[in-house]
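Please read the structure below before turning to the comments.
In the numbering used here, the protein residues as written are 3 to 149.
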């Protein structure tokens, strides 16, 4: 088994709800829109989650198309998710996360339709972000450091 541990650090920025996250020297700023108390300096975390899913599917398609015999000329994904913001605002009984995520894959290819449909199933079964969303992942609070 080849388990690799990925690490990230997220820190609150001085203004509003903006957060800077860093992985391997790469940084991204996430925030909330003004109507949710943020300063709108970046996409919010659930928007980033949609981007992560679409990016992962696109990477899988691009990385494996040739090996799967697919003439992949272009590929992109449109995503949308339904989330009740009352859950984020603390309303009892309202789930804070996505209730459903829908995506539409756009594939430009001369490959046969049946082969593309098979490839789409491969993408869905291989994408780590999609798998992490579709199947329960243990979230473990390993420590609380008071400084």
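We put the CB at the ideal spot given by N, CA and C, even for glycine.
The C-beta distance from residue 111 to residue 74 rounds to 6 Å, short enough to meet the 8 Å contact threshold.
If you check the CB distance, residue 105 and residue 55 come in under 8 Å. According to the DSSP assignment, residue 29 belongs to the beta strand (DSSP E) that extends over 28 to 32. Put simply, of 69, 95, 103, 90 the residue whose alpha carbon is nearest the alpha carbon of residue 81 is 103. Partner residues in the beta bridge of residue 83, as assigned by DSSP, are 103.
For residue 116, the enclosing alpha helix (DSSP H) has its first and last residue at 115 to 128. Annotation: residue 46 to residue 149 spans about 27 Å, alpha carbon to alpha carbon. Counted as a single uninterrupted DSSP element, the alpha helix (DSSP H) harbouring residue 62 occupies residues 47 to 66.
Under the 8 Å Cβ criterion, the region 62 to 71 counts as touching the region 125 to 132, having at least three qualifying pairs. Note on geometry: alpha-carbon atoms of residue 51 and residue 31 lie some 13 Å from one another. Taking a contact as a CB-CB distance under 8 Å, the pair residue 29 and residue 37 does not count as one, their CB atoms being some 25 Å apart.
Assigned with DSSP and collapsed to three states, residue 144 falls in coil, not helix or strand. If the five residues before and after residue 39 are omitted, its C-beta is found closer than 6 Å to the C-beta atoms of 19, all from its own chain and listed in chain order. Per DSSP, residue 97 lies in no beta strand (DSSP E) and is assigned neither H nor E.
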